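A.B. asks: Have a look at the structure that comes next, please.
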Amino acid sequence: MLLSLSGTLVPQIGLLKNLQYLELYSNNISGPIPNDLGNLTNLVSLDLYLNGFSGPIPVTLGKLSKLRILRLNNNSLTGPIPMQLTNITSLQVL
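Residue numbers (our numbering): 25 to 118.
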């Protein structure tokens with residue numbers, strides 16, 4: 025969501041247990057994707073594309089069993105796509 029946000033995502037975002045949609049695409053957010061996003065077990069959509077995220081994709085995202093949409097493209101992520109993402113059987117968009 026084009027909000028002209030910058031900086032990093034804080035780990036405390038993982039405390040938003042009832043969050044269903046996290047749409048922060050097309051901003052200037054940088055740094056690693058917090059492992060704590062794996063605590064958002066009600067998340068249906070995670071849109072973080074078109075930012076400056078770096079580092080690996082957290083394996084903890086594999087715990088998001090309700091996730092249907094995962095968009096991480098157009099960042100500076102490194103490493104392989106975690107095998108844990110295959111646990112998300114509801115995933116429709118990757």
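Don't be surprised by glycine CBs; every beta carbon is placed ideally from N, CA and C.
This one's a predicted model, so the numbers in the text were calculated from it and none came from an experiment.
Which residues in the same chain as L43 place their Cβ atom closer than 7 Å to its Cβ, once the five residues preceding and following it in sequence are excluded?
C.D. replies: Translated into positions along the sequence shown, residue 43 becomes position 19. The residues are L64, N66 and L67.
A.B. asks: For Y49 versus L72, is the C-beta spacing smaller than 8 Å?
C.D. replies: To locate residue 49, count along the sequence shown from 1; it is residue 25. To locate residue 72, count along the sequence shown from 1; it is residue 48. Taking 8 Å as the Cβ cut-off, Y49 and L72 qualify as a contacting pair.
A.B. asks: Give the secondary structure of N52 by DSSP, where H, G and I count as helix, E and B as strand, and everything else as coil.
C.D. replies: Position 28 of the sequence shown, counted from the start, is the residue given in the question as residue 52. N52: strand per DSSP, three-state reduction.
A.B. asks: Residues in its own chain within less than 8 Å of F77 by CB, not counting five upstream and five downstream?
C.D. replies: Locating residue 77 in the sequence shown gives position 53, counting from the first residue. The answer, listed in chain order, is I53, S54, G55, P56, I57, L96, N99, S100 and L101.
A.B. asks: Looking at the structure shown, is I37 part of a helix, part of a strand, or coil, going by DSSP?
C.D. replies: By one-based count along the sequence shown, residue 37 stands at place 13. I37: helix per DSSP, three-state reduction.
A.B. asks: Smallest Cα separation from L61: which of L33, L74, N75 and N51?
C.D. replies: By one-based count along the sequence shown, residue 61 stands at place 37. Cα-wise, what sits closest to L61 is L33.
A.B. asks: Let's see if you can read the secondary structure: which residues bound the beta strand (DSSP E) around S69?
C.D. replies: Residue numbering aside, residue 69 sits at position 45 when the sequence shown is read from its first letter. Counting along the chain, the beta strand (DSSP E) containing S69 begins and ends at S69 to D71.
A.B. asks: Contact defined as beta carbons within less than 8 Å: I believe N59 pairs with P82. What is the distance between those atoms, to the nearest angstrom?
C.D. replies: Here residue 59 corresponds to residue number 35 of the sequence shown, with the count starting at 1. Here residue 82 corresponds to residue number 58 of the sequence shown, with the count starting at 1. 5 Å between Cβ atoms; contact.
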